[in-house]
Every structure is written in structure tokens, then in C-alpha cells.
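S.K.: I'd like to ask you about the structure that follows.
Protein chains: 2
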Amino acid sequence: MMERVTIVGTGLIGASIGLALKQAGFAGVVTGVDTNSAELSAALFAHAIDRVASSELELRQATEQADVVVLAVPVLAVLDWMQRLAPALKPHQLVTDAGSTKQKIAEMAREHFNHKGTARFLPGHPMAGKEQGGAALADAELFRGATWLFTPVDSAEQALEAEWRAWVAKFGARAIDMDAARHDEICAWVSHLPQMLSTALAALLEERFAGDPARREEIAAIGGRALREMTRLGTSPYSIWRDIALTNSEPIAVTLHALEQRLAHLRENLRTPELKEEFRLANEFRMGKARKP
Amino acid sequence: MMERVTIVGTGLIGASIGLALKQAGFAGVVTGVDTNSAELSAALFAHAIDRVASSELELRQATEQADVVVLAVPVLAVLDWMQRLAPALKPHQLVTDAGSTKQKIAEMAREHFNHKGTARFLPGHPMAGKEQGGAALADAELFRGATWLFTPVDSAEQALEAEWRAWVAKFGARAIDMDAARHDEICAWVSHLPQMLSTALAALLEERFAGDPARREEIAAIGGRALREMTRLGTSPYSIWRDIALTNSEPIAVTLHALEQRLAHLRENLRTPELKEEFRLANEFRMGKARKP
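Those sequence lines, one after another, are chains F and X. Residues 1 to 293 in this note's numbering are what the first sequence lists, from first letter to last. Residues 1 to 293 in this note's numbering are what the second sequence lists, from first letter to last.
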């Protein structure tokens, strides 16, 4: 039975997990850990967590006495916490995470967890977020209708893992299990490529027109929804994306290279019937309906 | 005094101009012309136009008796209509348009209009639209808060031109005059590049995953707002963009090439501190606030 949960990283995702737990009826204690004390206070104020662990001693207690530890920090910090927690935790404990890439995390889980005498680790990745981060925007409904990916490293399943999955279902999320390598490849296409593309476009426009206030004003006046959408992700923080780029470089590079070639092809065919074929293919592409308006 | 307006092309933009005129108090007669009789009927049904001109005779009357002829068709069709109308119209008449590129149109205006004995031509470009086209979606408020670009070919101004500009102001649009070449260059950056990018991305994903239903479903399940936004413009129709690509090839090619290089730079720096600089620049980029939520 899960009675004590410790959430490491009480930003948007971590604090939303705390709120979702409470809304779903979790009656145990949620402890929050964050290097940023403002985020920690905001999470406490929002009742996403019941208490905070700040000192070394509190931190040790919070992790060693938890049934489930949720790592809701950027990927490299997840890896750091995994190394730190592995020797201290016991077999009855479960660690899970919300990191954006899964191969490196699954590798470390295979190495340091899920053995006789070690705690269990279930790599997870809720596909949810908001334009801006932070505990102040945390939302118990953040995961409703969202996909929650798991990339389990073995087929064994502890009772706590089954229970954690049941809570995720109560959050309103739809769980999908997949191989970590496949996860990282698909996320490179559907998430990392769009991000890098938006960053590149916004950086290009900024560098090109930053020194020219008149031109900059024209761009703001003339650019419409199209440009706004295509550059919106450009506001994403480097702090999170550095870790994603470092831990999924190869799959991301493959998608970027494919798009560079596609753009060159389109550029060389602006005046040929081949442009029609590109529009036809693009017209065929369909995503699911937006889940929130 | 403008009393008779003929709108050639009663799709979303043309029919919205008709509705905006009426809402702004225009008491004259609006005649609609369109090769697509369904669009023509829809515009009439929406009261965007008062009458239709279908036969050769009606068409000649509608254009030769109009005070103002508005060409709201794709760019190549604007050019065709300009050639057709130039010899038939008289100096007291004004022709204006809503075409997406302006250099070729301004060149033809300089050649065939705005001389002694010819009608006047004022190239225009309302920066407004909807995700889908068609007279059924026409909206008197479409231009409120939008920028309406004009690229006049000379500094002379007929009374009708001043009057047309006054109507555009009454639509709630903000007029900006600029050089046609500059218009096309800026639109390449803020409109044509985002479109081509979205088309290339959607076409790439479609080609890559169309033959793999399982992967396709995963993309729909996992892809979120980011991918949806970055591929939304992929649904744009070739029929309009063919004309834009043909009449603004060079400026578009320049922007595409610059972006290809930027993506390659980013790809080569996924694991270096240079990625931080790209995110910093992208974070600096700011557009104006969205004018409609």
C-alpha cells in the first residue's frame, strides 16, 4: 500500500502530480523536495505537497521512508538522483520519474535498480505540460486525457508498481508501455524536432532583425497566427532542453537532417509540379483531435 | 463617390470584404463574380454580395460599370484579371486586390494602369484569414485589428483611392504602405517560410509513417500541441500557395536556405554550449500579442 510519496522537483509536473494524487483520493503524506525554495513554497501553498524536506536529514528521511519516490526534474537531474538513491533505498520501495527521454534512464535503472536487494524503478513520461512551468500553474487536471508513457526495464511487477499505474489511471491519463529506444525515437519526431525547429526559426529571425527596430516592428505588425504558432516553442527554457539534447542526440540529429533535406527539396522545387506533391502529402497528414481547446 | 463595387472572387476574403462594407454602412450595390458557382451562391446567401454576374455580358457590365473592382483571387488569377480589365476600364475607375505577393502585381499595375487614359490600380494585401477558406466562413469582423498592406505604385491618389482606404479603416484594419519588394521580402519571412516549413514537416512525417499504421497511431497518441501547431499549416491548399511560390520564389528560397543552415548548425551543436546561445536568441524573439484569442 502506497502511503508515503516523495516528489523530487515540485515544478509544474511534480506539483501537478501531487494535486492529482489528492484529487484522486490519496490519503497519505506527500513530501516535496526542490533545490528552488520558491517552487517548494508555491507547491506547499497550493497543497500539492503536505510537507517539505529541506535539510540533509529531512531529505534522507523523505526518500528512505517513502513508498514511492517520483523524480520530476530534468533528465540529467533524474540520472543524478538515481545514482544517489540507489544505494540508500530498499527493495520494497519504488522510484519512478517524469523525464522526457528514456534510454539513458532505462539503462541506469537496469544497472542500479530492479535487482535482488535494490529498489524498483519504473521509467515514466507523462505527455503533458503548459506553455510556462512552475508550481504556481500546477493543475490536478493536467494529465486528464493525456498519454502517460512507461518504458519498463523488465517484466516483473511489484505491487507498488501496479498501484502507481492505478493512480496514473485515476489522474485520467492513458498509459502506454513501450521500449525505451522506440520512445526516444518517436519523441524525437513528435516533440524534439518541433522544438528544435521552432527554436531555430525564432533564433534566425531574432538574429536577422534584432538590430533593425523598424523591420522588427513590421514583423510584429505583419506576422500573424502562422508565425506566432511556429515560433511559440522558441520560448522554451534551455535548462530542460539541454538535457533532452544531450540524452537523445542521435535520434534528434536524424530528424533534423531529414528535415533539412526536405526543405532543400522544397526550395529547389518552388517552381515545379513537385511542390504540388509536397502539399498533397502534407494535406494527408492527420493528427488526432486536440484534447483541450 | 463609390456606389458600385464588384468583387471578383467571393471566397473567404472577397465575401468578408462584402460583409465588412455593408456593416460599415456602404449603401451601394455589391456585385460578385466567381468561377465557382457554389461560392457565388454562398456569398449571395450570406448577403456579402447583392447580385451575381455570371454571363459574359453581366461580367462586362459588372466590371465596366463598377467604381471599384476588388480582385480577391490567387495571385496568378489577379494578374490574369489585370490584363483582361486594363483595356476595358476607364480612368475614373479603381481596381484593387488582395493578393498575397505584390511585386509582380505592382509591375503589372505600373505597365497597364495608372497612366493617362487607364484606370487606377492600388495593390493591397489584408493580413487576415482563417484556417479554412470559403464564403460560408465569411465574417464582417475578419479585418478588425488586422494589418492591411498597400504597395502603391506612384504617389498620385485619385479620390476613389482615398475613399477605398477610408472603407478599409472602417473595417477596423490598420493600413501600412510599403514598397512592393520589401512587402514580398517581409512576407517571405513571416508568412511564406512558416508555411513551407509546416508543409515540409507534415509531408516528411506523412511519407515516413503513412505505411506504418502502428507508428502512425503512436504519433497521434503521443504528439501534443507542439506537433499540432507546427503541422497545422500543412493543411493549406496548394492552389493558393502555388501562385505565391511562383511569384515570390527568390525571397522564399533565401529564407528556406537560411533556415536549412540554421538547422544544420543546431544539429551539429546538440551537445555543445552553442545550443544555449540558440535558445537564448530564440527566447529573445517576441511577436506582438495575439489579436484574437
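Positions of the beta carbon are idealized from the N, C-alpha and C atoms, including for glycine. Here the structure is a predicted model, which is why all the values come from computation and not from measurement.
What does the alpha-carbon distance come out to for the pair L79 (chain X) and S100 (chain X)?
M.R.: Rounded to the nearest angstrom, the two C-alpha atoms are 12 Å apart.
S.K.: Hey, out of X:G134, X:H125, X:N283 and X:W164, whose CA is closest to A48 (chain X)'s CA?
M.R.: Answer by Cα proximity: X:G134.
S.K.: Alpha carbons only, please: which of X:H112, X:A173, X:G11 and X:V190 is nearest the one belonging to R84 (chain X)?
M.R.: If we check each option's Cα against that of R84 (chain X), X:H112 comes out closest.
S.K.: Classify L57 (chain F) as buried or exposed, calling it buried when 16 or more other Cβ atoms lie within 10 Å of its own Cβ.
M.R.: L57 (chain F) should be labelled exposed.
S.K.: When burial is assigned at 16 or more other CB atoms within 10 Å of the CB, is K90 (chain X) buried or exposed?
M.R.: Per the 10 Å Cβ criterion, exposed.
S.K.: Name the residues in the stretch 181-208 of chain F whose C-beta lies less than 9 Å from a C-beta of chain X; which are they?
M.R.: So the list reads R182, H183, I186, C187, W189, V190, S191, L193, P194, Q195, M196, L197, S198, T199, A200, L201, A202, A203, L204, L205, E206, E207 and R208, given in the order they occur along the chain.
S.K.: Can you pull out the residues from the stretch 238-256 of chain F whose beta carbon lies closer than 8 Å to at least one beta carbon of chain X?
M.R.: So the close ones are Y238, W241, R242, A245, L246, S249, I252, A253 and L256.
S.K.: Alpha carbon to alpha carbon, how far is L193 (chain F) from G32 (chain F)? Give it in angstroms, no decimals.
M.R.: C-alpha separation (whole angstroms): 32 Å.
S.K.: What's the call for H183 (chain X), buried or exposed, on a 16-neighbour Cβ count within 10 Å?
M.R.: It counts as buried.
S.K.: Under 8 Å between C-beta atoms, does F143 (chain F) make it to chain X?
M.R.: F143 (chain F) does not count as touching chain X.
S.K.: Three or more C-beta pairs under 8 Å: does that hold for the stretch 218-233 of chain X against the stretch 219-239 of chain F?
M.R.: Contact between the stretch 218-233 of chain X and the stretch 219-239 of chain F is present, because at least three Cβ pairs lie under 8 Å.
S.K.: From the DSSP secondary-structure annotation, give me the bridge partner or partners of P126 (chain F).
M.R.: Paired residues: F:W148.
S.K.: What residue from F:P123, F:E277 and F:R51 has the CA that sits closest to W241 (chain X)'s CA?
M.R.: Ranking the options by Cα distance to W241 (chain X), first place goes to F:E277.
S.K.: Given that a residue counts as buried once 16 or more other Cβ atoms are within 10 Å of its Cβ, and exposed if not, what is Q294 (chain F)?
M.R.: Since the first residue of chain F shown is 1 and the last is 293, residue 294 (chain F) is not available in this structure.
S.K.: Would you please state the rounded distance, in angstroms, between the beta carbons of A200 (chain X) and L201 (chain F)? I believe it to be under 8 Å.
M.R.: Rounded, the Cβ-Cβ distance is 12 Å, inconsistent with contact.
S.K.: According to DSSP, is T101 (chain X) helix, strand or coil?
M.R.: Looking at T101 (chain X) - three-state DSSP - the assignment turns out to be coil, as it is neither helix nor strand.
S.K.: Taking the alpha-carbon of L149 (chain F) as reference, which of F:D179, F:L160 and F:A138 has the nearest alpha-carbon?
M.R.: Checking every option, the nearest Cα to that of L149 (chain F) belongs to F:D179.
S.K.: Could you tell me the distance, in whole angstroms, from the CA atom of H125 (chain X) to the CA atom of R208 (chain F)?
M.R.: About 24 Å.
S.K.: Under 8 Å, do T255 (chain X) and A203 (chain X) count as touching if we go by C-beta distance?
M.R.: No, they are not a contact pair.
S.K.: Keeping to the same chain, check which residues put their C-beta closer than 6 Å to that of A42 (chain X); ignore five residues upstream and five downstream.
M.R.: So the qualifying residues of the chain are A135 and A136.
S.K.: When the Cα atoms are used, what is the spatial distance from G211 (chain F) to F143 (chain F)?
M.R.: Their backbone Cα atoms lie some 42 Å apart in a straight line.
S.K.: Using beta carbons (cut-off 8 Å, strictly below), is E229 (chain X) in contact with chain F?
M.R.: Closer than 8 Å: yes.
S.K.: What's the C-alpha gap between A245 (chain X) and G18 (chain F)?
M.R.: Taking the straight line joining both Cα atoms gives about 51 Å.
S.K.: Could you pull out every residue in the same chain whose Cβ sits closer than 7 Å to the Cβ of Q158 (chain F), ignoring the five residues on either side in sequence?
M.R.: The answer, listed in chain order, is L94 and R120.
S.K.: Verify whether the separation of the beta carbon atoms of V8 (chain X) and V73 (chain X) is less than 8 Å.
M.R.: Yes, the pair counts as a contact, with Cβ atoms nearer than the cut-off.
S.K.: To the nearest angstrom, how far is the alpha carbon of E185 (chain X) from that of T147 (chain F)?
M.R.: Spanning the two alpha carbons is a distance of roughly 41 Å.
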